[in-house]
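To convert, note that position 388 of the sequence shown is 388 in the numbering used here; the numbers rise steadily by one, no gaps. Glycine included, each C-beta is placed from N, C-alpha and C at the ideal position. Just so you know, these numbers come straight off a predicted model, no measurement behind them. Here is the structure we will look at, set down as structure tokens.
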Amino acid sequence: MKIVLVNPPHTAIGSRIPDDHLPPLGLLSVGGPLIDAGHDVTLIDAEFGPMSLESIAGAVFDAAPDMVMIGHSGSTSAHPTALALAERIKLRDARIFIVYGGVFPTYHWRDILGGTSAFDVIVRGEGEDTIVRLVQALEKGESLEGVKGIAFRNVHGDSIDTPPAQAIANLDGYRTGWELIDHRRYSYWGGKRAVVMQFSRGCPHLCSYCGQRGFWTRWRHRDPVLFAREIARLYREEGVELINLADENPTSSRRAWKDFLDAMIAENVPVLFVGSTRADDIVRDADILHLYRKAGVVRWLIGMENTDEATLTLIKKGGGTATDREAIRLLRQHGILSMATWVVGFEEEKLKDLWRGFRQLLSYDPDQIQALYVTPHRWTPFFRVARERKVIETDIRKWDYKHQVLKMRYLHPLVLIACVKLIEVAIQARPKALWRTLQHRDPEQRHSMRWYAQMGRRVWFHEIAEFLFRRRHTSNGPTLETFWGAPQDAEEESMSLPARRASPKKSAAEATIKTQA
1 MKIVLVNPPH
11 TAIGSRIPDD
21 HLPPLGLLSV
31 GGPLIDAGHD
41 VTLIDAEFGP
51 MSLESIAGAV
61 FDAAPDMVMI
71 GHSGSTSAHP
81 TALALAERIK
91 LRDARIFIVY
101 GGVFPTYHWR
111 DILGGTSAFD
121 VIVRGEGEDT
131 IVRLVQALEK
141 GESLEGVKGI
151 AFRNVHGDSI
161 DTPPAQAIAN
171 LDGYRTGWEL
181 IDHRRYSYWG
191 GKRAVVMQFS
201 RGCPHLCSYC
211 GQRGFWTRWR
221 HRDPVLFARE
231 IARLYREEGV
241 ELINLADENP
251 TSSRRAWKDF
261 LDAMIAENVP
271 VLFVGSTRAD
281 DIVRDADILH
291 LYRKAGVVRW
301 LIGMENTDEA
311 TLTLIKKGGG
321 TATDREAIRL
331 LRQHGILSMA
341 TWVVGFEEEK
351 LKDLWRGFRQ
361 LLSYDPDQIQ
371 ALYVTPHRWT
381 PFFRVARERK
391 VIETDIRKWD
401 YKHQVLKMRY
411 LHPLVLIACV
421 KLIEVAIQAR
431 PKALWRTLQH
441 RDPEQRHSMR
451 WYAQMGRRVW
461 FHEIAEFLFR
471 RRHTSNGPTL
481 ETFWGAPQDA
491 EEESMSLPAR
501 RASPKKSAAE
511 ATIKTQA
């Protein structure tokens, strides 16, 4: 079967401002198994340009595919674009079979299938195995009801879902379709050739607002040695210099993570790593942080979310402010940059709470911060807590964590964005922070900090201009539940639990690596 994978252009500010662009890992992850199953697969990455919907549709028709698969990492805010694209393709040729995948469609499949006929099937949860089984069923003319992990309209026009697919136990059993991209086009960290990869999937922690934990069902990791070997191959054959880890929490298992660090050090390739982890894992690993840096880790984003202990308890974050502060100190001691995320927009916040948060951030002394806005997902427990809050942003293209979407009891949106932007400047423009940016002792880190400061400055002005001239908040919007529908936290886990990890004689990933070595 001839299949075209489409990465639609995103409308978020952050994805439009930087010069760098990363490859769409989700689509490449299903592309590899499809190629290995004998299908003709191509990728249209419409983020470049970005391409207009008409241009994307034209590229699709030029490829003359039997199937189009659409997916995006920012699946909630990208949904309107994905929908408009699918409808445009169907309008021109209704025979093209369109598949949709990602976190948002996994949970909103009823709304999507009930609201449009543009999507034929929605893949729910991990797609590597499901998409191959779906294509096989289509080629053989078999009933789709036998394919686990999908949703579609039956012969009566009713939207139905099949039983959940099983979460993949052996992540090394499916390879990424790197041949679908030209590595020279993708970069990050100030022009370094880069890719997105996953060492693990899922997270063992129970943060109530997290939209990813239930999607992945259970924390699992790749074979540390095979993962390091794949990274080394990408460096030696494709010139990849930086890996952006897409894991929610790659360091969950100290043993597995240390095995990976040792394997990367043994590969002896100058590849850099950026990613996200938890402060308590950093503190736990104080005695092996020198291995982090030796293996190439240059920055961790630490999800602190808030500096108020009551708020941390509300969202079931775990950890605490003392651990956060110690983690940043330890990272700096070992030459690793820290980026602290700070979430605002909780209903009861007042100016005094923002002031206290600002002072707490100062005491943390992070190298970088990223201010985000609380954005509840319908399938998370936090959605049930916030269900009666008023929505002030009805354009879901803005539901990307970088825009305020919920009304606050005491603070007007103008006051909130003014405080957030002032806090960002105050944290990033401190003499101590400026000195590190200009005179960091590590040239590599100095380069990256200057790049981030330049990018952040552009985004900062863009966000202010957008708020003042292009945003139109709803003064008396619907409640969160009215806007999205009833809570779905009872369906939070998208897949069934994986079987105990097998030990195959040779995985697909290992076979590929050995062939290409």
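Three-way DSSP call (helix, strand, coil) for residue i in this model
i: residue 107; result: helix
i: residue 449; result: helix
i: residue 59; result: helix
i: residue 115; result: helix
i: residue 507; result: The predicted model places residue 507 with a pLDDT of 46, which falls under 50 and marks its position as unreliable, so this point remains unresolved.
i: residue 151; result: strand
i: residue 404; result: coil
i: residue 426; result: helix
i: residue 552; result: The chain is shown only over 1 to 517; residue 552 falls outside these bounds and no answer can be derived.
i: residue 369; result: strand
i: residue 252; result: coil
i: residue 475; result: coil
i: residue 374; result: coil
i: residue 124; result: coil
i: residue 235; result: helix
i: residue 194; result: strand
i: residue 292; result: helix
i: residue 398; result: helix
i: residue 483; result: helix
i: residue 421; result: helix
i: residue 350; result: coil
i: residue 12; result: coil
i: residue 441; result: coil
Opposing strand residues paired with residue i [DSSP bridges]
i: residue 323; result: None; residue 323 has no bridge partner.
i: residue 273; result: 243 and 297
i: residue 42; result: 4
i: residue 303; result: 341
i: residue 161; result: 151
i: residue 21; result: 187
i: residue 166; result: 496
i: residue 31; result: DSSP output for residue 31 lists no bridge partner at all.
i: residue 146; result: DSSP lists no partner for residue 146.
i: residue 459; result: Note: residue 459 sits in no beta bridge, so no partner.
i: residue 102; result: Paired residues: none, contrary to the question.
i: residue 97; result: 67
i: residue 390; result: 479
Beta carbon of residue i nearer than 7 Å to that of residue j
i: residue 401; j: residue 375; result: yes
i: residue 167; j: residue 495; result: yes
i: residue 130; j: residue 121; result: no
i: residue 403; j: residue 393; result: yes
i: residue 250; j: residue 215; result: no
i: residue 282; j: residue 245; result: no
i: residue 97; j: residue 67; result: yes
i: residue 180; j: residue 85; result: no
i: residue 239; j: residue 218; result: no
i: residue 102; j: residue 149; result: no
i: residue 358; j: residue 423; result: yes
i: residue 389; j: residue 487; result: no
i: residue 279; j: residue 247; result: no
i: residue 293; j: residue 334; result: yes
i: residue 519; j: residue 477; result: With the chain covering 1 to 517 only, the question about residue 519 has no answer from this structure.
i: residue 226; j: residue 161; result: no
i: residue 46; j: residue 9; result: yes
i: residue 33; j: residue 135; result: no
i: residue 35; j: residue 211; result: no
i: residue 99; j: residue 44; result: no
i: residue 436; j: residue 347; result: no
When the options are compared against residue i, the one with the closest alpha-carbon
i: residue 193; options: 241, 116 and 428; result: 241
i: residue 428; options: 384, 370 and 164; result: 370
i: residue 363; options: 378, 345, 340 and 383; result: 340
i: residue 19; options: 48, 42, 39 and 41; result: 48
i: residue 295; options: 433, 325 and 264; result: 264
i: residue 224; options: 236, 209 and 261; result: 261
i: residue 113; options: 134, 83 and 141; result: 83
i: residue 493; options: 164, 450, 30 and 176; result: 164
i: residue 138; options: 196, 104, 190 and 39; result: 39
i: residue 542; options: 233, 256, 191 and 231; result: The shown model of the chain, from 1 to 517, leaves out residue 542, and the question about it has no answer.
i: residue 78; options: 399, 135, 24 and 321; result: 399
i: residue 254; options: 231, 288, 266 and 1; result: 288
Any non-hydrogen atom of the ligand NAD closer than 6 Å to residue i Cβ
i: residue 357; result: As far as ligands go, the structure on display features none, and thus does not contain the ligand NAD.
Worksheet item: Taking the runs of the beta strand (DSSP E) that are 3 residues or longer, which of them lie wholly in the segment 200-231?
Response: Taking 3 residues as the minimum length, the segment 200-231 contains no beta strand (DSSP E) run wholly inside it.
Worksheet item: Which parts of the segment 67-92 are runs of the beta strand (DSSP E), unbroken and 3 residues or longer, counting only runs that do not cross its ends?
Response: The segment 67-92 contains these whole beta strand (DSSP E) runs: 67-71.
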